[in-house]
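Each remark here refers to the structure printed beneath this line.
Protein chains: 2
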Amino acid sequence: MTRSEENYLKTIFHLGGGDSKSISTNAIAEQMETKPSSVTDMAKKLSDKGLVDYVRYQGVSLTDVGVKTALSIIRKHRLWEVFLVKKLDFTWDEVHEVAEQLEHIKSEKLIDKIDELLDFPKYDPHGDPIPTKDGKFQERDEKLLSEMPINSQGVCVGVKDSSVPFLKFLDKNNIALGNTIKILDKEDFDNSLRIQMNGKEMRISHQIATNLYVKKNP
Amino acid sequence: MTRSEENYLKTIFHLGGGDSKSISTNAIAEQMETKPSSVTDMAKKLSDKGLVDYVRYQGVSLTDVGVKTALSIIRKHRLWEVFLVKKLDFTWDEVHEVAEQLEHIKSEKLIDKIDELLDFPKYDPHGDPIPTKDGKFQERDEKLLSEMPINSQGVCVGVKDSSVPFLKFLDKNNIALGNTIKILDKEDFDNSLRIQMNGKEMRISHQIATNLYVKKNP
DNA sequence: ATCTATTTTTAGATTTGTCTAAATTTAATT
DNA sequence: AATTAAATTTAGACAAATCTAAAAATAGAT
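Chains V and U, in that order, are what the protein sequence lines are.
Quick note, the first sequence lines up with residues 1 to 218 if you use my numbering.
Quick note, the second sequence lines up with residues 219 to 436 if you use my numbering.
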């Protein structure tokens, strides 16, 4: 399994190709910043290896083996991210690039030991769930902040957009995972929110609210 | 800098090419288990990049930049080895293969943080010195066990051969770095040694004695 | 149902790193 | 100094992963 093959599987999974849903070569190319013709070539190769189902002009979806492989790479990526933050004091906006490299290290023992060292974390620094060794996901009932009703409360548990600028913006405004949030008011005009976070009142734009995951209190 | 280029620089350094000494393409090919013609190709490329001096039919040696680059890769390799042993309970015969992969991860911050986490170790698990960030080596006055005079004493500080079979052999015979050694007698017939190690008396073949480094007591 | 715009694939080229086989240079021996 | 053996390089080929440009298939609109 080459690094390139692994990156394709991971991308297809992230685009939803794990649920027998067909992903277009164009969509994959755009996500990976490559050309559709390159994707076609790789689709054939992965199909020959039994990792994706590929029908010409119909896109690709992951086979069971493909899903399993993708999950093991995502597992490694997210565990390394936790390692970088928890053990080496990286910030959550610094980890992605390095984890993109570390996820391709081939050693089952290594990643199992990292998992153990971190005490088997369930979520990465951006709140994304870490698949278990046997490829299971811990689903979590979370909502986008923008979907929460007025007067409801919750805890900030993840980000949808984990780009560096967004993460830095959150830092600057003291918005961190684990913070408690109460929706005070919605502004019909621009869909912005008035919220209370850790006691303090603040205003949140719609753009931000659609990129923050909240776990609603019962 | 590609992974392949890094591996060539590392190999040339290990073969002594860091001291303006010319290393033959054949020697490099043999060490890397590749073909001399492939080495020639890479020699040209590294020469174009100013990392080696290459004269046709005369072999290659590292430039100053080449030495610096090689040392930074060796530094990463050895730091990762320490990490694997100290933090993840790998044994000293398991670390090489994984470190061969980890040494190519590109992140200065990562390796500096690993260095810090390990409290700036000076030697790797096989007793090899770890170059500093600015490419300096800690030289150490060490001798091969086979070169120690009768009745002299020392501490076992490193292995010359760090192959898996040799390391496993040492483990099986309770020979570990840090052990104290006293040479009791030499057998002229087969050059074997009678030694005292950590109090116990034992016999050591010449083959073993030429692959163990000892720091002689004053 | 046909036409058109879009998507997707094919064909052929490119780059990197490798190889084999042949040619060349160097080194060793007489 | 000539000859031979060994080391080294060159030339040409290949596989992986990519690209461009042209061709083919699909989907949407009328």
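Ideal Cβ placement from N, Cα and C applies to all residues, glycine included.
Locate the alpha helix (DSSP H) running through L227 of chain U, then write down its first and last residues.
R221 to H232
Per DSSP, what kind of secondary structure is V273 of chain U in: helix, strand or coil?
coil
If you count every other CB in all the chains shown that lies within 10 Å of the CB of V270 of chain U, and 16 or more means buried, which is it?
buried
Can you give me the Cβ contacts of N244 of chain U inside the same chain, cut-off strictly under 7 Å, excluding the 5 residues immediately before and after it?
P254
For L102 of chain V, name the three-state secondary structure that DSSP assigns.
helix
Let me know the secondary structure DSSP gives D264 of chain U once reduced to three states.
The amino acid occupying residue 264 of chain U in the given sequence is Leu; Asp does not appear at that position. Three-state result, L264 of chain U: helix.
Is it right to say D190 of chain V is buried, meaning 16 or more other beta carbons lie within 10 angstroms of its own, or is it exposed?
exposed
CA-CA distance, L362 of chain U and Q425 of chain U?
11 Å
Using a Cβ-Cβ cut-off of 7 Å, state whether L145 of chain V counts as contacting chain U.
no
How would you call K354 of chain U, buried or exposed, if buried means at least 16 neighbouring beta carbons within 10 angstroms?
exposed
Any C-beta of chain U under 7 Å from that of I204 of chain V
no
Measure from the C-beta of S72 of chain V to each C-beta in chain U and report whether the shortest distance is under 7 Å.
no
Residues from the region 79-104 of chain V in contact with chain U, defined by Cβ distance under 9 Å
L84, K87, L88, D89, F90, E94, E97, V98, Q101, L102 and H104
Would you check if there are 3 or more beta carbon pairs closer than 8 Å linking the region 172-182 of chain V to the region 193-204 of chain V?
yes
Between the CA atoms of T252 of chain U and G345 of chain U - distance to the nearest angstrom
28 Å
Completely contained alpha helix (DSSP H) runs for the region 119-204 of chain V, where each covers 4 or more residues:
164-172
Strictly under 7 Å for the Cβ-Cβ distance: is S107 of chain V near chain U by that measure?
yes
So, are the CB atoms of S24 of chain V and G66 of chain V less than 7 Å apart?
no
Contacts that K331 of chain U makes with chain V (C-beta to C-beta distance below 9 Å)
L84, K87, L88, D89 and F90
Could you pull the DSSP bridge partners for L212 of chain V from this structure?
V:V159
Could you give the residue range of the alpha helix (DSSP H) that holds S72 of chain V?
D64 to L88
Any C-beta of chain V sitting closer than 7 Å to the C-beta of L269 of chain U?
no
So, is the C-beta of L110 of chain V closer than 7 Å to a C-beta in chain U?
yes
If we call anything under 7 Å between Cβ atoms a contact, is L227 of chain U one with T287 of chain U?
yes
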